[in-house]
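Mapping the sequence shown onto this note's numbering, position 117 (from 1) lands on 231, and the numbers just tick up by one.
Presented below is the structure to which this report refers.
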Amino acid sequence: MSHHLSWLASVLLIMLLGGPATANVALSPIYANEASNWPLETFASNGLFRQIARYQRGHPQAVVIASGHYTLERLASQLNERALSRSDTQWTLHYPLVIAPGAQLTLDGARLYIDGENGGCLINRGTLTISRSQIHSSGNQHSGFIHGWGGSRTQIDRSTLAGLGRPDYRAHGLSVARHRYQDTSGAPRLSIHQSEFVNLYRGLEAEPGSHVTLSEVTITQSREQGLVFSGAHAQLTQLRVAGSHGHGIRAEGPGKLTLEELLLSTNEGSGLLIENFHGQLQGRNLTSERNREYGIQIKGGRDGSAHLEQLVLIDNGSDGLRLDGSTLLTVRDAQINGNHRYAISLDGQQGKVQASLATLELHHNRLAALHTRGEGHVQIEETSLRHHSNRGQYLAGNISARESRLLPQLLQALPVEIPFTDAQPRAQLASRP
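Shown next, in the form of structure tokens:
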């Protein structure tokens with residue numbers, strides 16, 4: 115057999131030659147630069163070979179489930195302990211494990227350690243089901259990870275993931291993406307319910323075309339960002355993200371994002387950052403508090419829209435709500451109090467801002483209730499205002515000079531239309547006698 119036998123061909127050959135007991139599971143060689151090896155090529159170029167070389171003898175190999183439905187017990191019966199071992203307390207995966215299209219791996223009531231330092235990782239192209247289980251790794255720059263390619267289904271229920279992920283591309287913890295060779299494949303799908311993620315590099319990452327559903331999930335102490343969506347379709351319900359070293363949630367690119375009953379707190383970046391997002395953002399019952407930067411920041415995003423209801427944005431290190439650019443913003447029923455800069459800041463320097471704000475409580479924000487710059491238009495009604503101090507302002511930026519005219523209407527909770535611009539009014543030329 116040639117040294118350059120492709121990954122796919124080697125798997126097929128082993129399946130053809132193997133007996134009935136071993137035909138569905140094989141140890142397959144990994145080649146870093148072959149198109150047929152694309153499910154692992156990304157990770158091989160990110161240092162997976164170096165990690166494998168610490169442990170495996172000879173040419174690097176991965177475990178491939180080519181077909182069938184497997185548990186860890188059944189898988190171990192067809193592998194030696196150097197690939198998958200078991201102690202009194204847990205399983206340990208030492209090799210990369212690939213679930214092929216049509217194959218399924220179920221972890222039910224399992225405790226699995228992914229030995230990333232020696233090359234352990236889970237690559238899903240079929241179906242991965244994790245139920246009532248604990249999946250963990252070392253929580254450092256060599257941690258193992260779980261990744262789903264196009265056409266895969268990953269389902270996590272009543273489980274805990276801890277210490278997964280590292281800075282390497284697509285090895286951030288739990289991620290889904292479609293490879294460039296998968297133009298015609300279905301979307302990768304990820305569903306998580308009643309689960310907890312602790313100390314992942316990124317709690318979750320979803321690339322363009324992915325479909326993600328989360329409900330009753332807690333993500334804490336992420337070493338970078340809590341959740342990252344790049345062109346994905348995501349529905350998040352009853353989600354808590356706290357203590358991330360970056361933003362709680364960051365979303366960008368074309369997609370659709372539906373948020374309901376979220377608590378984003380004590381993150382080192384913003385609670386929610388929407389950046390260059392092209393699509394629909396809908397949020398209801400969102401609390402973003404005590405984050406180092408903004409409670410919610412929406413920047414860029416031409417042809418995007420954001421509709422937010424029942425917001426609580428309090429005690430954030432910068433503005434409670436900041437809009438930069440031309441996203442069409444609608445806010446209904448918001449308490450935006452005690453933030454260290456402005457309650458709401460609208461910046462139309464990069465694109466005209468359009469905002470409709472109603473039923474607002476803007477109390478005790480350090481600098482002002484509403485700040486504007488650049489060009490835009492905001493409609494406000496039913497607003498309650500309170501100063502932070504005797505030196506506080508209600509309005510700041512390029513509308514500050516109109517505070518005395520606008521304030522009586524605002525304090526009476528009347529509808530107010532406020533166009534704003536940085537352009538200076540032109541002086542009238544004197545007519546000749």
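Where is the CB? At the ideal position from N, CA and C, for every residue including glycine.
Note that the coordinates shown come from a computational prediction; the quantities given were computed from them, not determined experimentally.
Nearest-angstrom Cβ-Cβ length linking residue i and residue j, presumed shorter than 8 Å
i, j, result
"H261", "R284", "6 Å"
"P174", "I166", "4 Å"
"I412", "L377", "That pair is no contact at about 19 Å."
"G431", "R406", "5 Å"
"A214", "A180", "5 Å"
"S440", "G465", "3 Å"
"E554", "S498", "The question about residue 554 has no answer, for the chain in this structure spans 115 to 547."
"T444", "H421", "5 Å"
"R316", "S336", "6 Å"
"A527", "E496", "5 Å"
"R267", "S247", "That belief does not hold up - the Cβ atoms of R267 and S247 are roughly 17 Å apart, past 8 Å."
"H478", "N451", "6 Å"
Length of the line joining the Cα atoms of residue i and residue j
i, j, result
"Y209", "L221", "17 Å"
"S191", "L242", "19 Å"
"G253", "A176", "22 Å"
"F85", "H286", "Residue 85 lies beyond the range of the chain shown here (115 to 547); nothing can be said about it."
"L278", "G300", "26 Å"
"S307", "Q349", "For the sequence presented, residue 307 should be read as His rather than Ser. Their Cα atoms are separated by approximately 12 Å."
"Q523", "P529", "7 Å"
"V178", "L198", "13 Å"
"R519", "H392", "36 Å"
"G161", "V467", "45 Å"
"F311", "L386", "18 Å"
"S344", "N313", "21 Å"
"S358", "E319", "14 Å"
"R455", "G265", "45 Å"
"T136", "P143", "At T136 the pLDDT is 44, less than 50, meaning the model places this residue with poor confidence and gives no usable figure here."
"G340", "H361", "6 Å"
"W121", "N151", "The pLDDT assigned to W121 is 43, lower than 50, so where the model puts this residue is not dependable; a value taken from the coordinates is nonetheless given after this. Going by the C-alpha atoms only, they are around 5 Å apart."
"T203", "A483", "56 Å"
"H183", "L189", "10 Å"
Burial state of residue i, where buried means 16 or more other Cβ atoms lie within 10 Å
i, result
"E531", "exposed"
"N194", "exposed"
"L371", "buried"
"S459", "buried"
"V125", "Note that V125 scores a pLDDT of 43, beneath 50, so its modelled location is shaky; the value from the coordinates is reported in the next line. V125 should be labelled buried."
"R239", "buried"
"L525", "exposed"
"E338", "buried"
"R196", "exposed"
"S201", "exposed"
"P281", "exposed"
"G172", "exposed"
"R500", "exposed"
"P547", "Summary for P547: the model assigns pLDDT 48, below 50, so the residue's position carries little reliability; its value from the coordinates is reported in the next sentence. Looking at its Cβ environment, which holds fewer than 16 other Cβ atoms inside 10 Å, P547 is exposed."
Identity of the residues DSSP links to residue i by a beta bridge
i, result
"E375", "Per DSSP, none; premise fails for E375."
"Q466", "Inspection of the sequence shows that residue 466 is occupied by Lys rather than by Gln. Looking at the DSSP assignment, K466 forms no beta bridge with any residue, so it has no partner."
"R354", "T332, L377"
"R267", "T241, R303"
"Y456", "A482"
"Q218", "H183, T241"
Note to self: Does the contact criterion of 3 or more C-beta pairs under 8 Å hold for the stretch 377 to 389 versus the stretch 347 to 366?
What the structure shows: yes
Check: Using 8 Å as the Cβ pair cut-off and three pairs as the minimum, do the stretch 270 to 281 and the stretch 292 to 299 touch?
Finding: no
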